[in-house]
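These notes concern the structure reproduced below.
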Amino acid sequence: MSTLHLDRYLLIQGVQQTFKTKKGPFVALKDIELTVKKGEFITLIGHSGCGKSTLLNLIAGLTMPTEGRLICAGREIAGPGPSRAVVFQNHSLLPWLTCFDNVYLGVERVFAESESKKQLQERTAEVMALVGLSHAQHKLPHEVSGGMKQRVGIARALAMEPQVLLLDEPFGALDALTRANLQDELMRIMAAKQSTAVMVTHDVDEAVLLSDRIVMMTNGPAAKIGEIVSVALDRPRDRVALANSVQYQEYRTEVIDFLYRKQGNPALKAA
Ligand SMILES: Nc1ncnc2c1ncn2[C@@H]1O[C@H](COP(=O)(O)OP(=O)(O)O)[C@@H](O)[C@H]1O
Ligand SMILES: [Mg+2]
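Dropping the structure here:
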């Protein structure tokens, strides 16, 4: 693969997304341009309803753009596929399968043609260990905590060895401590796997802590990419040390300034 290819791994070019509604066409996204390098961690941040999930779904191939195109690893994105695995906020696990079997299902889908059952089980066990779930892997989803269920969702996505990991507010429903633990684990896993990731969040601290670049979206309708902040904090990143870092606070301020001063609160505007 050429250097050019690695620097232009995920391309979003002239993307517009219009939805048909009862009141007529609704332009959710307009003129979206973004180039993501291989191995980069990108977060999409913006006010609720601006179009973050719409953009992530386009990258996932779950929906097709009204205009423009999306390209991943040199190929136009034409539908969903295991090369772009998604982790949603509400871990969509099958309740009658154990945590292990929920992950195994994804592994089987991707590798069953080329690997034996034993190899598939080993793959599954490896990724369960990676997310710290070996001890609970034979429990059913209702027997484990919310944080553990979310870990299973992450394990399932990682086990497919996606080219790009997509996450839509994956920690949104978790308490602050569980959330912090999972953010740290995600950073460790991403460093180990050198994966590319695009994650939707509305949490400023989460965006600064995890990102190489924070893509800040304007309010909808016809949301665009407003500004992009490159976060040049060294890795591995330690949340405790960063809390006292001037540089960290500056990034934080930059994002807050964009969201609340330049964009304002859309809920308050509507009131
Ligand atoms: N399938 C759809 N049909 C009509 N409107 C939609 C559809 N999906 C999303 N929207 C609208 O597009 C905008 C962006 O939605 P979404 O991407 O879910 O926002 P976010 O994830 O940033 O909160 C919202 O105004 C939402 O109501
Ligand atoms: Mg959303």
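Heads up, the sequence shown is in the numbering used here, so the first residue is 13 and it goes up one at a time. Beta carbons are placed, not taken as given, at the ideal position from N, Cα and C, and that holds for glycine.
With a 10 Å radius around its C-beta and 16 neighbouring C-beta atoms as the bar for buried, classify residue i as buried or exposed.
i    : result
V252 : exposed
D187 : exposed
A283 : With a pLDDT of 47 at A283, under the threshold of 50, the predicted position of this residue should be treated as unreliable, though the coordinate-derived value follows. Exposed, because fewer than 16 other Cβ atoms sit within 10 Å of the Cβ of A283.
R191 : buried
K129 : exposed
E181 : buried
T265 : exposed
L222 : buried
M2   : Outside the shown range of the chain (13 to 283) lies residue 2, about which nothing can therefore be said.
V258 : exposed
G66  : First, the residue type needs correcting, since residue 66 is Thr and not Gly in the sequence shown. So T66 ends up on the buried side.
K161 : buried
A124 : exposed
N256 : exposed
D165 : It should be noted that the sequence gives Gly, not Asp, for residue 165. With 16 or more Cβ atoms within 10 Å of its Cβ, G165 is classed as buried.
A141 : exposed
Which residues in the same chain have their Cβ closer than 6 Å to the Cβ of residue i, if we skip the five residues on either side of it in sequence?
i    : result
R163 : V143 and L145
V119 : L132, R135, T136 and A171
R20  : T47
L254 : Y260
L179 : V99 and M211
E127 : none
I83  : L23
V122 : P94 and M172
L68  : L178, D180 and V212
With residue i as the anchor, note down where its beta strand (DSSP E) starts and where it stops.
i    : result
T190 : First-last for T190: A188 to K205, but that is the alpha helix (DSSP H), not the beta strand (DSSP E).
A97  : R96 to V99
L178 : V176 to D180
L82  : E79 to C84
L254 : From DSSP, L254 is part of no beta strand (DSSP E) but of the alpha helix (DSSP H) over R251 to A255.
T55  : F53 to I57
S242 : I237 to S242
R225 : R225 to M229
If you follow the alpha helix (DSSP H) that residue i is part of, which residue opens it and which one closes it?
i    : result
G118 : C111 to F123
I166 : G158 to A171
V210 : Taken as a continuous stretch (DSSP letters only), V210 belongs to no alpha helix (DSSP H), being part of the beta strand (DSSP E) at T208 to T213.
L67  : K64 to A72
D217 : V216 to L222
Near residue i, which residues of its chain fall below 8 Å by C-beta distance, leaving aside the five closest residues on each side in sequence?
i    : result
V227 : L46, I54, T55, L56, I57, I237 and I240
G80  : I24, Q25, G26, V27, Q28 and I44
T78  : Q28, Q29 and T30
V267 : I57, V216, A219, V220, I226, M228 and V241
P248 : M199, R200 and A203
L294 : With the chain running from 13 to 283 in the structure shown, residue 294 is simply not present.
D196 : R251
N71  : First, the residue type needs correcting, since residue 71 is Ile and not Asn in the sequence shown. Only L22, I24, L82, C84, I89, R96, V176, L178 and V210 meet the Cβ criterion.
Considering only residues of the same chain and omitting the five flanking positions on each side of residue i, which have a CB-CB separation below 7 Å?
i    : result
R168 : N114, V115 and G118
L18  : K49 and K50
Y263 : V220, V241 and V243
G86  : H17
G73  : I89, A90, G91, P92, G93 and R96
G276 : none
Q175 : C84, A85, S95, R96 and T208
H150 : T110 and F112
Identify every run of the alpha helix (DSSP H) within the region 257–281, keeping only runs that are complete inside it and at least 4 residues long; order them along the chain. 258–268
Mind pulling the alpha helix (DSSP H) runs of 4 or more residues that sit fully within the region 123–156? Within the region 123–156, the complete alpha helix (DSSP H) runs of at least 4 residues are 129–142.
Fully enclosed by the region 27–51, which beta strand (DSSP E) runs are 3 residues long or longer? 36–48
Mind listing which residues have their beta carbon within less than 6 Å of any non-hydrogen atom of ligand 1? Chain order is fine. Checking every Cβ against the heavy atoms of ligand 1 under 6 Å gives F31, T33, F38, A40, G58, S60, G61, C62, G63, K64, S65, T66 and G232.
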